[in-house]
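In our numbering, each residue's number is its place in the sequence shown (first place is 1) plus 1. Input: a single structure, listed below in structure tokens.
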Amino acid sequence: MILPQRLLSIAQNINNVENLVDIGTDHAYIPIYCVKTQRAKNAVASDVKEGPVKIASKNIKKYGLEDKILPLISNGFENVEKNSFDMAVIAGMGGLLINEILDKGKDKISSDATLILQPMLAVNEVRKYLCENGFVITKECLAKEEDKIYNILVCKKGNEVLSEFDIYVGKRLFLDKDELFLKYMDNKIYTVTKIINGLKKSKNLSCEIEKREKELSYYIKARDEFNG
Numbered sequence: 002m003i004l005p006q007r008l009l010s011i012a013q014n015i016n017n018v019e020n021l022v023d024i025g026t027d028h029a030y031i032p033i034y035c036v037k038t039q040r041a042k043n044a045v046a047s048d049v050k051e052g053p054v055k056i057a058s059k060n061i062k063k064y065g066l067e068d069k070i071l072p073l074i075s076n077g078f079e080n081v082e083k084n085s086f087d088m089a090v091i092a093g094m095g096g097l098l099i100n101e102i103l104d105k106g107k108d109k110i111s112s113d114a115t116l117i118l119q120p121m122l123a124v125n126e127v128r129k130y131l132c133e134n135g136f137v138i139t140k141e142c143l144a145k146e147e148d149k150i151y152n153i154l155v156c157k158k159g160n161e162v163l164s165e166f167d168i169y170v171g172k173r174l175f176l177d178k179d180e181l182f183l184k185y186m187d188n189k190i191y192t193v194t195k196i197i198n199g200l201k202k203s204k205n206l207s208c209e210i211e212k213r214e215k216e217l218s219y220y221i222k223a224r225d226e227f228n229g
């Protein structure tokens with residue numbers, strides 16, 4: 002099985018896992034790949050909708066992994082047994098939805114479990130949620146697929162203090178010198194500058210403009226310090 006780069010980058014953070022759960026599994030590509038490559042011994046391929054779970058079941062059967070991967074209909078962690086996994090993947094959805102899934106399911110997550118999160122939007126909100134709700138980001142990396150860059154966050158239960166700069170920029174990305182970091186910052190600077198220019202054409206949005214200008218200053222500072 003050949004995975005697209007986004008999914009492959011997620012899978013590369015999965016090693017020596019006894020029980021993996023993939024929340025929002027869609028076609029079960031990550032569980033299948035990880036079990037086939039012995040990155041995970043067993044897995045649960047979970048999705049909130051019946052359609053994706055049926056497709057996942059067909060793919061699991063196609064690769065002869067019915068005894069290793071369980072397809073499951075579940076809204077987030079709702080039907081996942083408490084403390085039944087040592088790693089969970091929540092990928093390919095918006096950051097606010099990821100936060101909601103974590104908030105509703107955090108009692109199902111053991112203190113030893115690792116989470117891999119890949120938000121398509123609002124990564125800042127995910128970092129903020131993790132910091133404020135008893136999670137530590139142990140690693141963050143970037144994956145490039147075609148012309149898009151994706152954030153992948155690895156975290157565990159614990160306590161961490163993040164500054165506003167850390168939340169916007171990504172503390173681990175900055176400290177670990179991710180090779181895509183400068184491109185990522187350039188993209189952020191371009192996008193936020195465009196938003197600010199659009200806001201300036203409207204009236205009574207001074208608070209939002211001020212917020213965005215502060216955000217922009219963090220990206221510029223991170224880029225300049227990274228280069229320095």
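Every residue gets a Cβ at the ideal spot worked out from N, C-alpha and C, and that includes glycine.
Residue i, DSSP secondary structure in three states
i, result
"S164", "coil"
"P72", "strand"
"Q6", "helix"
"I15", "coil"
"S47", "strand"
"N80", "coil"
"A123", "coil"
"L66", "coil"
"G171", "coil"
"D27", "coil"
Rounded separation between residue i and residue j - CA only
i, j, result
"K158", "K202", "44 Å"
"N134", "I99", "13 Å"
"E194", "I61", "Note on residue identity: the sequence assigns Thr, not Glu, to residue 194. So the two alpha carbons sit approximately 45 Å from each other."
"R224", "S75", "41 Å"
"E147", "P5", "10 Å"
"R7", "P120", "11 Å"
"G199", "Y219", "20 Å"
"L71", "T38", "17 Å"
"Y34", "R213", "40 Å"
"L181", "L217", "18 Å"
"L206", "K178", "35 Å"
"A144", "D27", "20 Å"
"N17", "D187", "36 Å"
"G171", "V36", "30 Å"
Continuous beta strand (DSSP E) stretch holding residue i: start and end
i, result
"N205", "Note, N205: premise wrong, no beta strand (DSSP E); not H, not E."
"Y151", "149-158"
"K178", "Counting along the chain, K178 falls outside any beta strand (DSSP E), and DSSP gives it neither H nor E."
"L146", "Per the sequence shown, the amino acid found at residue 146 is Glu instead of Leu. Where E146 is concerned, the enclosing beta strand (DSSP E) stretches over 136-146."
"L116", "115-120"
"G93", "88-94"
Assigned exposure category for residue i - 16 Cβ within 10 Å defines buried
i, result
"M88", "buried"
"E67", "exposed"
"D113", "exposed"
"Y191", "exposed"
"L118", "buried"
"D108", "exposed"
Selected residue, minimal CA-CA separation from residue i, among the options
i, options, result
"N163", "S111, A44, I70, T139", "Looking at the sequence shown, residue 163 is not Asn but Leu. With distances taken between Cα atoms, L163 lies closest to T139."
"G95", "F182, G65, G25, Y34", "G25"
"D48", "E79, G65, I196, L97", "E79"
"L116", "A123, L122, V127", "V127"
"I15", "K42, H28, M2", "K42"
"E19", "S10, P32, D27", "P32"
Start and end residues, alpha helix (DSSP H) containing residue i
i, result
"I31", "30-37"
"I110", "Careful: I110 lies outside any alpha helix (DSSP H) and carries neither H nor E."
The ligand PLP heavy atom lying under 7 Å from the CB of residue i
i, result
"V36", "Among the components modelled here there is no ligand, and therefore nothing to report on the ligand PLP."
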